[in-house]
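Visitor: Can you read through this structure? Questions will come right after.
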Amino acid sequence: MSSTRKRNRPEDWGDLEPSPVIHISELPEHTLEIDLLRIFEQYGPIRDLAMMPHRGQALLEYSDLSSAENAVHRCSENQMILANHRIRVNYSTSKRIVQRQSGGEPNRDYPDGPIESRVLLLTIYNAQYPITVDVVHQITSRHGRVLRIVIFQKTHVQAMVEFKSTDDARNVKRNLNGADIYSGCCTLKVEFARPTRLTVLKNDQETWDFENSLLPTDAGRIRTSDGRANVSLLGRFGRNLERLDNGRPQNGEGHSFDAYSRQSGSLSLSAHGATLFDQLALSVHPSLAGISAPDVTVHGRPATSVIMVYNLDVNQMNCDRLFNLLCLYGNVVRIKYLRTKEGSAMAQLGDTISVDRTIRNLSGAPLLDNKLLIRSSKQLVIVDVPKPFELPDGTPSFKDYTGSRENRYINPEKASKNRIYPPSNTLHYWNCPPNFSSTDLCQVFVDVGAEPPTRVAEFPSASERSSSGLVEWANTADAVAALAFANHYSIPYPKGRFPFILKLSFSNAPVQERLPPGSRRSTIHNLKKPSNTPSESSFRQ
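In UniProt numbering, the protein residues as written are 1 to 541.
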């Protein structure tokens, strides 16, 4: 950026010649580009904005001199307050903002304004914590679709991120430029980069192509080395942020919130004092998304909500059927089967409590001649898979369940109705049509390819709107498979507008020990499994 003279002393500020470029200083931490655009666009059309977040300063260029004069005049008459901080506004000694190339040289080819592209250059100042592909993806993907990421280091840690479109890149720049990734450090400066496409040869912690999952991958996959990315990602309203140095938590800074620009829903100073990851957690607050914010760390290690599930029969288990098992113990966000490890899948749950609950109850359960093995993953999230491969039954190997109404922990009221038990040979069923007979119920299990149950106990109906009861198998393995196959099965109901969605969960006692007065018990004979199983259309998610 060119200038006619240096401005080193505050007493020099008053005699500056008017310029279309204004200098904004004494900015509070975590001031974003979008914050300044909202404040200063009322004075006239803005041509460009250059953030200097590591200095608490910014340069803003208006399209004409009169707009800059209007802004400086208004700010001199009334103190400009941003997130309870007074900021200074005056003319800049620069007459234009000259965009620099990624190499640091001024871009003289385009003097009329910044050249927008779908690739952004992120410079991270004061990078006290590791910056990995996972970290960059988490902070950018909320505002645009990320295609590729390349991380490198020169004077500072830098990352280039390629997005699906220029609009995505512009939106990310406005919402992240000036942000602190972590409290008091890892400050972002975001600029448009010169390359129009990034080349990625390997998927690891420093480079990743989200459109090509077949690239060579490090065995450890992407993760932060000590959970620091997880610290602020899992922050909560008003909760102090713990910073981890050598595995020991230290007191963090408290978070304060004001009403500034809250109506926009962007991650700006509406939550000033919170870090970028704290605000990401704010945006998926349990009451809004049905995903509870998990704990920060577990014994100093990353607290992940992702599990690994092993020993699955891929010929009979797809994403929906695995969801049917996992949803008993927590909200399911995404499920992804692994191409390179047949019989293995990853599942992202709503929080770490659900991970512990799932491992404690479901790991070791018998399923289709195998024993399920479930462990915590080293990965913090499951990223979107645009083109998943097909499983043997023709269904996709990746599925997102974020908006599924079949998740059972969406809110406290719904979560409180769950009865959490480990697998057994007895299932509790409910939400069946009224007067749904034991024969009808058993036929459902046969139709989906499960073993027929041996006994059914129908509970006396409290109302005529639905029916419920207990159903029992000869062994636990058959009951687990039946739940995986038939949970959320759509039962037609000719007398109503909509079908009934069968709900199943494990019971903690056999049929004869759980019969309330008035129950009817049936012993089932001569039902056989069909030779083929139904298609995915039989299930409702």
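All C-beta atoms in this analysis are idealised placements derived from N, C-alpha and C, irrespective of residue type, glycine included. Quick caveat, the model's predicted, so the values are computed rather than measured.
Just list the alpha helix (DSSP H) runs in the segment 417 to 499, keeping only unbroken ones of 4 residues or longer that don't cross its boundaries, in chain order.
Guide: Counting only runs of 4 or more, we get 438 to 447 and 476 to 486.
Visitor: Between the segment 462 to 480 and the segment 388 to 397, can you find at least three pairs of beta-carbon atoms closer than 8 angstroms?
Guide: no
Visitor: Please determine, among VAL456, ILE151 and TYR125, the residue with the shortest C-alpha to C-alpha distance to VAL136.
Guide: Against the sequence shown, residue 136 aligns to sequence position 136. Minimum Cα distance to VAL136 is reached at ILE151.
Visitor: Skipping 5 residues on each side, what residues in its chain have a beta carbon closer than 7 angstroms to that of VAL480?
Guide: Counting from one through the sequence shown, the residue named residue 480 turns up at place 480. When the five nearest sequence neighbours on each side are left out, the beta carbons in the same chain lying within less than 7 angstroms of the beta carbon of VAL480 are those of ALA365, PRO366, LEU367 and PRO423, in order along the chain.
Visitor: Which runs of the alpha helix (DSSP H), 4 residues or longer, sit entirely within the UniProt domain "RRM" (20 to 94)?
Guide: 33 to 40 and 65 to 77
Visitor: Quickly, what does DSSP pair ARG334 with across the bridge? List them, please.
Guide: Counting from one through the sequence shown, the residue named residue 334 turns up at place 334. Paired residue(s): GLN348 and ASP400.
Visitor: Taking the DSSP output, what are the residues bridged to CYS185?
Guide: For the purposes of this step, residue 185 is taken as residue 185 along the sequence shown, with counting starting at 1. Paired residue(s): TYR182.
Visitor: What residues in its chain sit with their C-beta under 7 angstroms from that of ASP209, if we drop five residues either side in the sequence?
Guide: Taking the first residue of the sequence shown as 1, we reach residue 209 at position 209. Around ASP209: ARG148, VAL200, ASN203 and LEU215.
Visitor: What do you get for ALA159, buried or exposed, if any count of 16 or more other CB atoms within 10 angstroms of its CB means buried?
Guide: As a first step, residue 159 must be located in the sequence shown, where it is residue number 159. Buried, by the Cβ-count rule.
Visitor: Do VAL89 and ILE24 have their C-beta atoms closer together than 8 angstroms?
Guide: As a first step, residue 89 must be located in the sequence shown, where it is residue number 89. As a first step, residue 24 must be located in the sequence shown, where it is residue number 24. Yes, they are a contact pair.
Visitor: I need the DSSP call for ASP204, collapsed to helix, strand or coil.
Guide: The count along the sequence shown starts at 1 and reaches residue 204 at position 204. In the structure shown, ASP204 sits in coil (DSSP, three-state: anything other than H, G, I, E or B).
Visitor: Would you tell me roughly how many angstroms separate the C-alpha atoms of ARG419 and PRO510, rounded to the nearest one?
Guide: To locate residue 419, count along the sequence shown from 1; it is residue 419. To locate residue 510, count along the sequence shown from 1; it is residue 510. Those two C-alpha atoms are separated by around 15 angstroms.
Visitor: When burial is assigned at 16 or more other CB atoms within 10 Å of the CB, is GLU413 buried or exposed?
Guide: The residue labelled residue 413 in the question sits at position 413 within the sequence shown. The residue in question, GLU413, is exposed, as its Cβ has fewer than 16 Cβ neighbours within 10 Å.
Visitor: CA-CA distance, THR166 and SER117?
Guide: For this step, residue 166 is matched to residue 166 along the sequence shown. For this step, residue 117 is matched to residue 117 along the sequence shown. Each residue's Cα considered, the two are about 5 angstroms apart.
Visitor: Distance, Cα to Cα, SER19 vs ALA68?
Guide: Along the sequence shown, one-based indexing puts residue 19 at 19. Along the sequence shown, one-based indexing puts residue 68 at 68. Answer to the nearest angstrom: the Cα atoms are 7 angstroms apart.
Visitor: Which whole-angstrom value describes the C-beta separation of LEU120 and VAL161, a residue pair presumed to lie in contact below a C-beta threshold of 8 angstroms?
Guide: In the sequence shown, the residue the question calls residue 120 occupies position 120. In the sequence shown, the residue the question calls residue 161 occupies position 161. About 5 angstroms separates the two Cβ atoms, so the contact holds.
Visitor: Between the C-alpha atoms of LYS399 and ASN331, what's the straight-line distance to the nearest angstrom?
Guide: Position 399 of the sequence shown, counted from the start, is the residue given in the question as residue 399. Position 331 of the sequence shown, counted from the start, is the residue given in the question as residue 331. For LYS399 and ASN331, the distance between alpha carbons rounds to 14 angstroms.
Visitor: State the start and end residues of the unbroken beta strand (DSSP E) segment that holds residue 572.
Guide: The requested residue 572 does not occur in the structure, where the chain is confined to residues 1 to 541.
Visitor: Since LEU373 and ASN311 should fall inside the 8 angstroms C-beta cutoff, what is the C-beta to C-beta distance between them, to a whole number of angstroms?
Guide: Position 373 of the sequence shown, counting from 1, holds the residue named residue 373. Position 311 of the sequence shown, counting from 1, holds the residue named residue 311. The pair is a contact, with the Cβ atoms about 5 angstroms apart (cut-off 8 angstroms).
Visitor: Please classify GLU26 as buried or exposed, where buried requires at least 16 neighbouring CB atoms within 10 angstroms.
Guide: What you label residue 26 is simply residue 26 of the sequence shown in a count that begins at 1. It is exposed - the Cβ of GLU26 has fewer than 16 other Cβ atoms within 10 Å.
Visitor: Where do the ends of the beta strand (DSSP E) carrying PHE506 lie?
Guide: Reading the sequence shown from its first residue, position 506 is the one you call residue 506. First-last of the beta strand (DSSP E) with PHE506: 503 to 506.
Visitor: Let me make sure I understand the geometry here. Which of SER63, SER437, ALA58 and PRO386 has the alpha-carbon closest to that of GLU458?
Guide: One-based indexing of the sequence shown puts residue 458 at position 458. Answer by Cα proximity: SER437.
Visitor: Where does PHE323 fall in DSSP's three states?
Guide: Counted from its first residue, the sequence shown places residue 323 at position 323. Reduced to three states, the DSSP call for PHE323 is helix.
Visitor: Whose C-alpha, out of GLN57, ALA193 and THR476, is nearest the C-alpha of ARG86?
Guide: Here residue 86 refers to the residue found at position 86 of the sequence shown. It is GLN57 whose Cα lies nearest to the Cα of ARG86.
Visitor: Note down the Cα distance separating ARG55 from TYR125, rounded to an integer number of angstroms.
Guide: On the sequence shown, residue 55 is found 55 positions in, with the first residue counted as 1. On the sequence shown, residue 125 is found 125 positions in, with the first residue counted as 1. Here the alpha carbon of ARG55 sits roughly 10 angstroms from the alpha carbon of TYR125.
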